[in-house]
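Residue numbers 109 to 600, in this note's numbering, belong to the letters of the sequence shown in order.
Each residue gets a CB set at the ideal place from its N, CA and C atoms; glycine is no exception.
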Amino acid sequence: MNLPQPVALDRPLDRSALPAPVLDAAPELVELYWAAWELAYQHVVTREGAPRSPYMDEGFDPDTIWIWDTCFMAHFCKYAPDLFPGVESFDNFYRPMYDGAPTSLKIHHPDNPPLFAWSELEYVRHTGDLDRVRWLLRDRRYLQQHFAFMEGTPAGSRFPHSNIATTVERVPRGYLWEGVTSGMDNTPRAPIQGEHGTSGGILWFDVAAQQALSARSIATLARLIGSDDLAEEYDAHHARLVALVDDFWSAEHGSYFDRFAEEPYNFHRVRTPAVYWPLLAGACDATQADALAAALADPKCFGGPVPWPSVARDDPEFRPDGMYWRGGVWIPVAYASARALADSGHADLAHRASLDLIRHMADTWSSYSPATIWEAYSPTRPAPSTAKDDRTPVRPDFCGWSALAPISMLIEHVLGFRVDALTRTVHYRPHLPGRTGIRNLRVGETRVTVIADDSTLTVTTDAPITFSLPDRDIPLAPGHHTLERKGTFTSL
(Lines of atoms letter the chains of each structure in order from A and count residues from 1; the text may use other names and numbers.)
(Lines give C-alpha, C1' and ligand atoms only; values in the text may rest on other atoms or scores of the structure.)
Protein backbone atom coordinates (compact mmCIF):
# COMPACT_ATOMS: atom_id res chain seq x y z
CA MET A 1 0.00 0.00 0.00
CA ASN A 2 1.56 3.29 -1.07
CA LEU A 3 0.83 5.84 1.62
CA PRO A 4 1.59 9.53 1.12
CA GLN A 5 4.85 10.49 2.78
CA PRO A 6 5.23 13.42 5.19
CA VAL A 7 6.87 16.54 3.83
CA ALA A 8 8.91 18.92 6.00
CA LEU A 9 8.18 22.64 5.83
CA ASP A 10 10.32 24.47 3.27
CA ARG A 11 10.72 27.77 5.14
CA PRO A 12 13.52 28.40 7.65
CA LEU A 13 12.91 28.53 11.38
CA ASP A 14 12.28 32.07 12.60
CA ARG A 15 14.38 32.21 15.77
CA SER A 16 13.06 35.65 16.63
CA ALA A 17 9.72 34.01 17.49
CA LEU A 18 11.35 31.76 20.10
CA PRO A 19 12.37 32.48 23.69
CA ALA A 20 16.13 33.05 23.92
CA PRO A 21 17.93 31.74 27.02
CA VAL A 22 20.75 33.66 28.67
CA LEU A 23 23.35 31.57 30.50
CA ASP A 24 26.76 33.16 30.21
CA ALA A 25 28.55 30.51 32.29
CA ALA A 26 27.43 27.62 30.05
CA PRO A 27 27.23 28.68 26.38
CA GLU A 28 27.30 25.02 25.33
CA LEU A 29 23.85 24.55 26.86
CA VAL A 30 22.53 27.52 24.91
CA GLU A 31 24.05 26.08 21.73
CA LEU A 32 22.27 22.77 22.40
CA TYR A 33 19.02 24.65 23.01
CA TRP A 34 19.09 26.21 19.55
CA ALA A 35 20.14 22.93 17.96
CA ALA A 36 17.12 21.23 19.54
CA TRP A 37 14.74 23.78 18.04
CA GLU A 38 16.31 23.43 14.60
CA LEU A 39 16.09 19.64 14.71
CA ALA A 40 12.52 19.78 16.01
CA TYR A 41 11.55 22.11 13.17
CA GLN A 42 12.55 19.39 10.72
CA HIS A 43 9.79 17.29 12.31
CA VAL A 44 7.02 19.79 11.59
CA VAL A 45 5.60 17.99 8.58
CA THR A 46 2.61 18.01 6.25
CA ARG A 47 0.91 14.89 4.97
CA GLU A 48 -1.94 14.27 2.56
CA GLY A 49 -4.84 12.52 4.26
CA ALA A 50 -3.89 13.41 7.85
CA PRO A 51 -6.80 14.94 9.81
CA ARG A 52 -4.40 17.65 11.01
CA SER A 53 -1.54 18.90 8.86
CA PRO A 54 1.06 20.21 9.55
CA TYR A 55 1.75 18.13 12.65
CA MET A 56 4.67 17.03 14.81
CA ASP A 57 6.35 13.84 13.61
CA GLU A 58 8.16 11.98 16.38
CA GLY A 59 11.10 10.90 14.22
CA PHE A 60 10.48 7.14 14.38
CA ASP A 61 8.28 6.03 11.47
CA PRO A 62 6.83 8.28 8.73
CA ASP A 63 3.56 6.33 8.52
CA THR A 64 2.88 5.90 12.23
CA ILE A 65 2.21 8.17 15.20
CA TRP A 66 2.50 7.54 18.93
CA ILE A 67 0.37 9.10 21.64
CA TRP A 68 2.98 9.56 24.29
CA ASP A 69 5.65 10.85 21.91
CA THR A 70 3.23 13.44 20.55
CA CYS A 71 2.02 14.43 24.02
CA PHE A 72 5.56 14.96 25.26
CA MET A 73 6.50 17.00 22.18
CA ALA A 74 3.70 19.42 23.07
CA HIS A 75 5.63 20.30 26.22
CA PHE A 76 8.28 22.12 24.21
CA CYS A 77 5.94 23.25 21.42
CA LYS A 78 4.09 25.32 24.05
CA TYR A 79 6.98 27.81 23.97
CA ALA A 80 6.35 28.60 20.28
CA PRO A 81 2.75 27.60 19.51
CA ASP A 82 2.62 29.67 16.32
CA LEU A 83 5.46 27.66 14.78
CA PHE A 84 5.14 24.22 16.34
CA PRO A 85 1.74 22.44 16.22
CA GLY A 86 1.81 20.78 19.63
CA VAL A 87 -1.73 20.13 20.85
CA GLU A 88 -2.96 20.64 17.29
CA SER A 89 -1.19 17.36 16.44
CA PHE A 90 -3.50 15.61 18.92
CA ASP A 91 -6.26 15.93 16.30
CA ASN A 92 -4.56 13.08 14.43
CA PHE A 93 -5.57 10.88 17.37
CA TYR A 94 -8.79 12.50 18.57
CA ARG A 95 -10.55 12.58 15.22
CA PRO A 96 -9.91 8.99 14.04
CA MET A 97 -10.45 7.52 17.51
CA TYR A 98 -13.55 9.46 18.54
CA ASP A 99 -15.07 10.98 15.39
CA GLY A 100 -14.38 8.12 12.98
CA ALA A 101 -12.44 10.45 10.68
CA PRO A 102 -10.41 8.85 7.88
CA THR A 103 -6.64 9.12 8.17
CA SER A 104 -3.52 8.24 6.21
CA LEU A 105 -1.65 7.74 9.51
CA LYS A 106 -1.67 4.70 11.75
CA ILE A 107 -1.90 5.10 15.51
CA HIS A 108 0.60 2.76 17.14
CA HIS A 109 -0.79 1.70 20.51
CA PRO A 110 -4.00 3.67 21.07
CA ASP A 111 -3.54 2.54 24.69
CA ASN A 112 -0.11 4.20 24.98
CA PRO A 113 0.33 6.24 28.20
CA PRO A 114 -2.78 8.46 28.38
CA LEU A 115 -1.20 11.91 28.61
CA PHE A 116 -3.58 14.05 26.54
CA ALA A 117 -5.31 15.78 29.47
CA TRP A 118 -2.07 16.63 31.30
CA SER A 119 -0.52 17.99 28.09
CA GLU A 120 -3.62 20.04 27.26
CA LEU A 121 -3.55 21.56 30.75
CA GLU A 122 0.11 22.52 30.48
CA TYR A 123 -0.56 24.03 27.08
CA VAL A 124 -3.42 26.25 28.23
CA ARG A 125 -1.22 27.51 31.06
CA HIS A 126 1.06 28.90 28.36
CA THR A 127 -1.51 30.10 25.84
CA GLY A 128 -4.51 31.01 28.01
CA ASP A 129 -6.74 29.54 25.28
CA LEU A 130 -9.95 28.70 27.16
CA ASP A 131 -11.88 28.37 23.89
CA ARG A 132 -9.89 25.21 23.23
CA VAL A 133 -10.77 23.88 26.68
CA ARG A 134 -14.47 24.44 26.01
CA TRP A 135 -14.13 22.69 22.65
CA LEU A 136 -12.32 19.74 24.25
CA LEU A 137 -14.63 19.20 27.22
CA ARG A 138 -18.02 20.48 26.07
CA ASP A 139 -18.15 20.28 22.29
CA ARG A 140 -16.12 17.15 21.55
CA ARG A 141 -15.58 15.46 24.97
CA TYR A 142 -12.31 14.03 23.67
CA LEU A 143 -10.59 13.91 27.06
CA GLN A 144 -13.50 12.20 28.79
CA GLN A 145 -13.76 9.70 25.94
CA HIS A 146 -10.08 8.85 26.15
CA PHE A 147 -10.25 8.40 29.92
CA ALA A 148 -13.16 5.98 29.41
CA PHE A 149 -11.28 4.22 26.59
CA MET A 150 -8.42 3.37 28.96
CA GLU A 151 -10.85 2.23 31.65
CA GLY A 152 -13.17 0.09 29.56
CA THR A 153 -11.50 -1.24 26.40
CA PRO A 154 -10.88 -5.01 26.49
CA ALA A 155 -7.34 -6.18 25.73
CA GLY A 156 -6.98 -7.40 22.16
CA SER A 157 -9.31 -4.79 20.68
CA ARG A 158 -8.52 -3.69 17.12
CA PHE A 159 -9.49 -0.49 15.34
CA PRO A 160 -9.24 0.67 11.70
CA HIS A 161 -7.10 3.65 12.70
CA SER A 162 -4.50 1.49 14.44
CA ASN A 163 -1.99 -1.10 13.26
CA ILE A 164 -1.81 -3.06 16.50
CA ALA A 165 -4.22 -4.50 19.06
CA THR A 166 -4.67 -2.95 22.49
CA THR A 167 -3.18 -4.55 25.59
CA VAL A 168 -4.45 -2.44 28.49
CA GLU A 169 -7.28 -3.91 30.53
CA ARG A 170 -8.79 -2.77 33.81
CA VAL A 171 -9.11 -5.65 36.26
CA PRO A 172 -10.22 -5.56 39.92
CA ARG A 173 -6.72 -5.07 41.39
CA GLY A 174 -5.34 -2.69 38.75
CA TYR A 175 -4.40 -2.76 35.08
CA LEU A 176 -2.90 -5.34 32.78
CA TRP A 177 -0.63 -3.77 30.17
CA GLU A 178 2.71 -4.62 28.60
CA GLY A 179 6.17 -3.18 28.05
CA VAL A 180 5.92 -1.96 24.47
CA THR A 181 2.50 -0.39 24.97
CA SER A 182 3.68 1.25 28.19
CA GLY A 183 6.48 2.84 26.17
CA MET A 184 9.19 1.14 28.24
CA ASP A 185 9.67 -1.55 25.60
CA ASN A 186 12.18 -4.08 27.01
CA THR A 187 11.89 -3.03 30.65
CA PRO A 188 12.73 -5.76 33.18
CA ARG A 189 9.55 -4.79 35.04
CA ALA A 190 7.82 -7.57 33.11
CA PRO A 191 9.18 -10.87 34.49
CA ILE A 192 7.66 -12.74 31.54
CA GLN A 193 9.28 -11.45 28.35
CA GLY A 194 7.04 -12.67 25.55
CA GLU A 195 5.45 -11.51 22.37
CA HIS A 196 3.59 -8.24 22.16
CA GLY A 197 0.24 -8.48 23.89
CA THR A 198 1.30 -10.27 27.07
CA SER A 199 1.03 -8.41 30.35
CA GLY A 200 4.25 -9.88 31.68
CA GLY A 201 2.25 -11.39 34.50
CA ILE A 202 2.03 -8.12 36.44
CA LEU A 203 -0.29 -5.26 37.29
CA TRP A 204 1.30 -2.03 36.02
CA PHE A 205 1.08 0.80 38.54
CA ASP A 206 2.12 3.56 36.14
CA VAL A 207 -0.99 3.37 33.96
CA ALA A 208 -3.09 3.71 37.13
CA ALA A 209 -1.07 6.80 38.03
CA GLN A 210 -1.38 8.20 34.51
CA GLN A 211 -5.14 7.74 34.65
CA ALA A 212 -5.10 9.56 38.00
CA LEU A 213 -3.09 12.35 36.36
CA SER A 214 -5.66 12.51 33.56
CA ALA A 215 -8.55 12.69 36.01
CA ARG A 216 -6.91 15.48 37.98
CA SER A 217 -6.08 17.39 34.80
CA ILE A 218 -9.64 17.07 33.46
CA ALA A 219 -11.01 18.33 36.79
CA THR A 220 -8.66 21.34 36.69
CA LEU A 221 -9.55 22.12 33.07
CA ALA A 222 -13.26 21.81 33.87
CA ARG A 223 -12.99 24.38 36.67
CA LEU A 224 -11.28 26.81 34.31
CA ILE A 225 -14.46 26.95 32.21
CA GLY A 226 -16.93 26.78 35.10
CA SER A 227 -17.94 23.14 34.59
CA ASP A 228 -18.03 22.35 38.29
CA ASP A 229 -20.14 19.19 37.97
CA LEU A 230 -17.63 17.71 35.55
CA ALA A 231 -14.79 18.73 37.86
CA GLU A 232 -16.42 16.96 40.79
CA GLU A 233 -16.95 13.83 38.69
CA TYR A 234 -13.26 13.67 37.84
CA ASP A 235 -12.19 14.57 41.37
CA ALA A 236 -13.98 11.37 42.38
CA HIS A 237 -12.16 9.40 39.67
CA HIS A 238 -8.89 10.86 40.92
CA ALA A 239 -9.57 9.90 44.54
CA ARG A 240 -10.46 6.35 43.51
CA LEU A 241 -7.31 5.98 41.43
CA VAL A 242 -5.08 7.48 44.13
CA ALA A 243 -6.35 4.80 46.52
CA LEU A 244 -5.54 2.15 43.90
CA VAL A 245 -2.04 3.52 43.28
CA ASP A 246 -1.32 3.53 47.00
CA ASP A 247 -1.70 -0.26 47.02
CA PHE A 248 1.50 -0.41 44.94
CA TRP A 249 3.58 1.49 47.51
CA SER A 250 6.14 -0.41 49.58
CA ALA A 251 6.83 1.52 52.77
CA GLU A 252 9.66 -0.91 53.50
CA HIS A 253 11.53 0.05 50.32
CA GLY A 254 10.24 3.61 49.90
CA SER A 255 9.16 2.90 46.35
CA TYR A 256 6.32 1.89 44.08
CA PHE A 257 6.45 -1.59 42.57
CA ASP A 258 4.25 -3.48 40.18
CA ARG A 259 2.41 -6.45 41.65
CA PHE A 260 2.10 -9.92 40.24
CA ALA A 261 -1.29 -10.35 38.59
CA GLU A 262 -2.23 -13.49 40.51
CA GLU A 263 -2.75 -14.13 44.20
CA PRO A 264 -1.18 -13.29 46.57
CA TYR A 265 -0.32 -10.25 44.37
CA ASN A 266 3.21 -9.89 45.73
CA PHE A 267 5.44 -6.99 44.71
CA HIS A 268 7.72 -7.45 41.72
CA ARG A 269 10.62 -5.42 43.03
CA VAL A 270 12.14 -3.65 40.03
CA ARG A 271 12.72 0.09 40.42
CA THR A 272 12.41 2.35 37.40
CA PRO A 273 11.65 6.08 37.00
CA ALA A 274 8.01 5.09 36.47
CA VAL A 275 7.83 5.65 40.25
CA TYR A 276 7.52 9.40 39.57
CA TRP A 277 4.17 9.10 37.78
CA PRO A 278 2.24 8.80 41.07
CA LEU A 279 4.08 11.88 42.34
CA LEU A 280 3.10 13.85 39.23
CA ALA A 281 -0.49 12.64 39.63
CA GLY A 282 -0.82 14.04 43.15
CA ALA A 283 -1.00 10.54 44.64
CA CYS A 284 1.86 10.88 47.16
CA ASP A 285 2.01 12.21 50.69
CA ALA A 286 5.06 14.12 51.94
CA THR A 287 6.80 10.98 53.23
CA GLN A 288 6.42 9.24 49.89
CA ALA A 289 7.58 12.34 48.01
CA ASP A 290 10.68 12.56 50.20
CA ALA A 291 11.48 8.90 49.57
CA LEU A 292 11.20 9.36 45.82
CA ALA A 293 13.41 12.44 46.01
CA ALA A 294 15.97 10.42 47.95
CA ALA A 295 15.99 7.83 45.15
CA LEU A 296 17.06 10.49 42.64
CA ALA A 297 19.70 11.80 45.02
CA ASP A 298 21.10 8.28 45.51
CA PRO A 299 23.91 7.40 43.05
CA LYS A 300 23.07 3.71 43.51
CA CYS A 301 19.51 4.27 42.35
CA PHE A 302 18.47 7.01 39.89
CA GLY A 303 21.15 9.57 40.76
CA GLY A 304 24.81 9.98 39.92
CA PRO A 305 26.48 12.12 37.26
CA VAL A 306 23.93 10.96 34.67
CA PRO A 307 20.53 10.96 36.40
CA TRP A 308 17.38 9.00 35.58
CA PRO A 309 18.64 5.67 34.21
CA SER A 310 15.62 3.63 33.15
CA VAL A 311 16.47 0.92 35.69
CA ALA A 312 17.99 1.57 39.11
CA ARG A 313 21.76 1.22 38.99
CA ASP A 314 21.78 -1.38 41.76
CA ASP A 315 19.34 -3.63 39.89
CA PRO A 316 20.96 -6.77 38.39
CA GLU A 317 19.24 -6.00 35.07
CA PHE A 318 20.91 -2.56 34.76
CA ARG A 319 23.06 -2.31 31.64
CA PRO A 320 25.84 0.30 31.69
CA ASP A 321 25.54 1.06 27.97
CA GLY A 322 21.76 1.45 28.17
CA MET A 323 20.27 -1.44 26.20
CA TYR A 324 17.23 0.74 25.50
CA TRP A 325 15.00 0.57 28.62
CA ARG A 326 17.47 -1.46 30.70
CA GLY A 327 19.48 1.56 31.74
CA GLY A 328 19.20 4.06 28.91
CA VAL A 329 18.32 7.61 29.98
CA TRP A 330 15.05 8.70 28.38
CA ILE A 331 14.34 12.41 28.28
CA PRO A 332 10.52 12.31 28.54
CA VAL A 333 10.62 10.26 31.74
CA ALA A 334 13.19 12.68 33.13
CA TYR A 335 10.97 15.62 32.19
CA ALA A 336 7.91 14.18 33.93
CA SER A 337 10.01 13.25 36.97
CA ALA A 338 11.55 16.71 37.28
CA ARG A 339 8.14 18.35 37.05
CA ALA A 340 6.77 15.99 39.71
CA LEU A 341 9.66 16.70 42.07
CA ALA A 342 9.58 20.46 41.56
CA ASP A 343 5.84 20.56 42.23
CA SER A 344 6.22 18.56 45.45
CA GLY A 345 8.79 20.70 47.24
CA HIS A 346 11.99 19.40 45.65
CA ALA A 347 12.72 22.13 43.10
CA ASP A 348 16.42 22.31 43.98
CA LEU A 349 16.87 18.59 43.33
CA ALA A 350 14.96 18.89 40.04
CA HIS A 351 17.26 21.78 39.11
CA ARG A 352 20.48 19.92 39.87
CA ALA A 353 19.42 16.71 38.12
CA SER A 354 18.14 18.62 35.07
CA LEU A 355 21.40 20.54 34.82
CA ASP A 356 23.41 17.30 35.04
CA LEU A 357 21.26 15.68 32.36
CA ILE A 358 21.52 18.56 29.89
CA ARG A 359 25.27 18.74 30.45
CA HIS A 360 25.47 15.03 29.65
CA MET A 361 23.62 15.68 26.40
CA ALA A 362 25.94 18.58 25.60
CA ASP A 363 29.00 16.44 26.38
CA THR A 364 27.66 13.75 24.05
CA TRP A 365 27.06 16.38 21.36
CA SER A 366 30.66 17.59 21.58
CA SER A 367 32.48 14.25 21.98
CA TYR A 368 30.45 11.65 20.07
CA SER A 369 30.01 11.55 16.29
CA PRO A 370 27.66 12.46 14.78
CA ALA A 371 26.90 15.54 16.84
CA THR A 372 23.17 15.30 17.31
CA ILE A 373 20.40 14.73 19.85
CA TRP A 374 19.65 11.06 20.42
CA GLU A 375 16.57 8.97 21.18
CA ALA A 376 18.08 7.96 24.54
CA TYR A 377 21.43 8.32 26.29
CA SER A 378 24.03 6.11 27.92
CA PRO A 379 23.78 6.21 31.73
CA THR A 380 27.56 5.97 32.15
CA ARG A 381 29.41 7.85 29.39
CA PRO A 382 28.85 10.67 26.86
CA ALA A 383 27.24 8.56 24.16
CA PRO A 384 23.83 7.48 22.96
CA SER A 385 22.23 4.50 24.63
CA THR A 386 22.59 1.19 22.91
CA ALA A 387 19.45 -0.28 21.36
CA LYS A 388 17.79 -3.53 22.42
CA ASP A 389 20.68 -5.55 20.98
CA ASP A 390 23.03 -3.68 23.38
CA ARG A 391 25.39 -2.95 20.47
CA THR A 392 24.02 -0.47 17.95
CA PRO A 393 23.16 3.09 18.98
CA VAL A 394 19.60 4.34 19.19
CA ARG A 395 18.11 6.74 16.64
CA PRO A 396 19.81 10.09 15.96
CA ASP A 397 18.16 13.49 15.31
CA PHE A 398 15.39 12.58 17.76
CA CYS A 399 13.56 15.87 18.32
CA GLY A 400 11.08 14.20 18.91
CA TRP A 401 10.76 14.18 22.62
CA SER A 402 14.48 14.42 23.34
CA ALA A 403 14.17 18.16 22.65
CA LEU A 404 12.44 18.41 26.03
CA ALA A 405 15.67 18.56 28.03
CA PRO A 406 17.62 21.22 26.11
CA ILE A 407 14.46 23.34 25.69
CA SER A 408 11.86 22.83 28.42
CA MET A 409 14.03 21.48 31.23
CA LEU A 410 16.55 24.25 30.59
CA ILE A 411 13.86 26.94 30.81
CA GLU A 412 11.85 25.43 33.66
CA HIS A 413 14.41 23.78 35.94
CA VAL A 414 17.85 25.16 35.09
CA LEU A 415 16.91 28.80 34.47
CA GLY A 416 13.89 28.48 36.76
CA PHE A 417 10.91 29.90 34.81
CA ARG A 418 7.27 28.77 34.87
CA VAL A 419 4.47 30.50 33.01
CA ASP A 420 0.79 30.85 33.88
CA ALA A 421 -1.03 32.77 31.16
CA LEU A 422 -4.35 32.27 32.96
CA THR A 423 -3.20 34.51 35.82
CA ARG A 424 -0.66 36.49 33.72
CA THR A 425 2.13 35.32 36.03
CA VAL A 426 5.79 34.53 35.45
CA HIS A 427 7.17 32.38 38.26
CA TYR A 428 10.93 32.71 38.64
CA ARG A 429 13.09 30.65 40.96
CA PRO A 430 16.68 31.80 40.38
CA HIS A 431 19.23 29.04 40.87
CA LEU A 432 22.46 30.06 39.18
CA PRO A 433 25.06 32.79 39.72
CA GLY A 434 26.22 35.15 37.01
CA ARG A 435 24.18 36.55 34.16
CA THR A 436 21.19 34.34 33.44
CA GLY A 437 17.68 34.80 32.17
CA ILE A 438 15.45 34.61 29.15
CA ARG A 439 14.35 36.96 26.39
CA ASN A 440 11.04 36.92 24.58
CA LEU A 441 9.29 34.48 26.91
CA ARG A 442 5.67 34.17 25.90
CA VAL A 443 2.86 34.44 28.49
CA GLY A 444 -0.25 34.13 26.37
CA GLU A 445 0.12 37.09 24.00
CA THR A 446 2.47 38.94 26.35
CA ARG A 447 6.25 38.92 25.81
CA VAL A 448 8.57 39.08 28.82
CA THR A 449 12.34 39.39 29.16
CA VAL A 450 14.13 38.68 32.44
CA ILE A 451 17.88 39.15 32.91
CA ALA A 452 19.53 38.48 36.27
CA ASP A 453 23.01 39.03 37.60
CA ASP A 454 24.28 38.37 41.12
CA SER A 455 22.53 41.41 42.63
CA THR A 456 19.73 42.66 40.35
CA LEU A 457 16.89 41.52 38.14
CA THR A 458 15.71 43.46 35.11
CA VAL A 459 12.27 42.66 33.77
CA THR A 460 10.75 44.02 30.58
CA THR A 461 7.13 43.28 29.72
CA ASP A 462 4.79 44.60 27.03
CA ALA A 463 1.65 44.09 29.17
CA PRO A 464 0.83 43.90 32.89
CA ILE A 465 2.04 40.73 34.64
CA THR A 466 2.69 39.40 38.12
CA PHE A 467 6.34 38.52 38.61
CA SER A 468 6.48 35.81 41.25
CA LEU A 469 9.68 35.15 43.20
CA PRO A 470 10.08 32.58 46.01
CA ASP A 471 9.76 35.30 48.66
CA ARG A 472 7.34 37.78 47.05
CA ASP A 473 4.90 38.54 44.21
CA ILE A 474 5.41 41.80 42.34
CA PRO A 475 2.78 43.35 40.05
CA LEU A 476 4.50 44.94 37.06
CA ALA A 477 3.10 47.43 34.57
CA PRO A 478 4.25 47.43 30.95
CA GLY A 479 7.80 48.70 30.69
CA HIS A 480 11.27 48.12 32.09
CA HIS A 481 11.83 47.31 35.78
CA THR A 482 14.92 46.82 37.96
CA LEU A 483 14.55 44.65 41.08
CA GLU A 484 16.82 43.41 43.83
CA ARG A 485 17.91 39.79 43.55
CA LYS A 486 17.94 37.81 46.79
CA GLY A 487 18.80 34.26 47.74
CA THR A 488 21.58 31.72 47.42
CA PHE A 489 22.83 30.21 44.20
CA THR A 490 23.80 26.79 42.90
CA SER A 491 27.26 26.80 41.37
CA LEU A 492 27.69 25.66 37.79
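- In the DSSP assignment, Ser322 falls within the unbroken alpha helix (DSSP H) covering 313 to 332.
- Counting of Cβ neighbours within 10 angstroms places Ile173 among the buried residues, the total reaching 16 or more.
- Of all C-beta pairs linking the stretch 510 to 521 to the stretch 144 to 151, three or more are shorter than 8 Å, placing the two stretches in contact.
- For Val195, there is no enclosing beta strand (DSSP E), as DSSP marks it with neither H nor E.
- Only exposed fits Gln253, as fewer than 16 other CB atoms lie within 10 angstroms of its CB.
- In the three-state reduction of the DSSP assignment, Tyr250 falls in the helix class.
- In this structure, Leu457 keeps its C-beta atom at 9 Å or more from the C-beta atom of Ala495.
- Residue pairing from DSSP places Met164 in a beta bridge opposite Val152.
- For Phe575, the enclosing beta strand (DSSP E) begins and ends at 573 to 577.
- Cα atoms of Asn220 and Tyr432: separation of roughly 18 Å, rounded to the nearest angstrom.
- Counting C-beta pairs closer than 8 Å gives three or more between the stretch 311 to 321 and the stretch 344 to 357, which meets the contact rule.
- As computed with DSSP, Tyr283 is found in a beta bridge with Arg278.
- A distance below 9 Å separates the beta carbons of Trp416 and Ala442.
- Rounded to the nearest angstrom, the gap between the Cα atoms of Arg537 and Asp406 is 24 Å.
- Restricting attention to alpha helix (DSSP H) runs no shorter than 4 residues, the stretch 477 to 551 encloses none.
- For His588, the uninterrupted beta strand (DSSP E) run begins and ends at 587 to 592, by DSSP.
- With a 10 Å radius around the Cβ and a threshold of 16 neighbouring Cβ atoms, Ala344 comes out exposed.
- For His217, no alpha helix (DSSP H) encloses it, and the DSSP letter there is neither H nor E.
- Secondary structure at Arg580: strand, using DSSP grouped into helix, strand and coil.
- Remark: three or more beta-carbon pairs, one from each stretch, lie closer than 8 Å, so the stretch 433 to 453 and the stretch 369 to 385 are flagged as touching.
- The residue from Ser462, Glu425, Asp451 with its alpha-carbon nearest to that of Pro440 is Ser462.
- For Phe201, the secondary structure class from DSSP, reduced to helix, strand or coil, is helix.
- Counting along the chain, the unbroken alpha helix (DSSP H) around Thr178 starts and ends at 175 to 185.
- The stretch 275 to 286 and the stretch 323 to 340 do not touch, with fewer than 3 CB-CB distances between them shorter than 8 Å.
- Thr564 sits in a strand when the DSSP states are folded into three classes.
- By the Cβ-count criterion, Pro120 is exposed, with fewer than 16 other Cβ atoms from all chains shown falling within 10 Å of its own Cβ.
- C-alpha of Ala369 to C-alpha of Gly309: approximately 6 Å in a straight line.
- Nearest in C-alpha terms to Pro268, of all of Asp207, Arg233, Ser418, is Asp207.
- Between Asp498 and Gly430, the gap from beta carbon to beta carbon is short of 9 Å.
- For the pair Ala391 and Val350, the Cα-to-Cα distance works out to about 5 Å.
- In the three-state scheme derived from DSSP, where H, G and I count as helix and E and B as strand, His346 is classed as helix.
- For Gly435, the closest of Pro572, Glu520, Arg467, Pro296 by C-alpha to C-alpha distance is Pro296.
- Per the Cβ contact rule, the stretch 168 to 184 is not in contact with the stretch 129 to 140 (fewer than 3 Cβ pairs under 8 Å).
- Here the alpha carbons of Thr569 and Lys594 stand approximately 21 Å from one another.
- For Ala128, the enclosing beta strand (DSSP E) starts and ends at 128 to 131.
- The DSSP-derived three-state label of Pro417 is strand.
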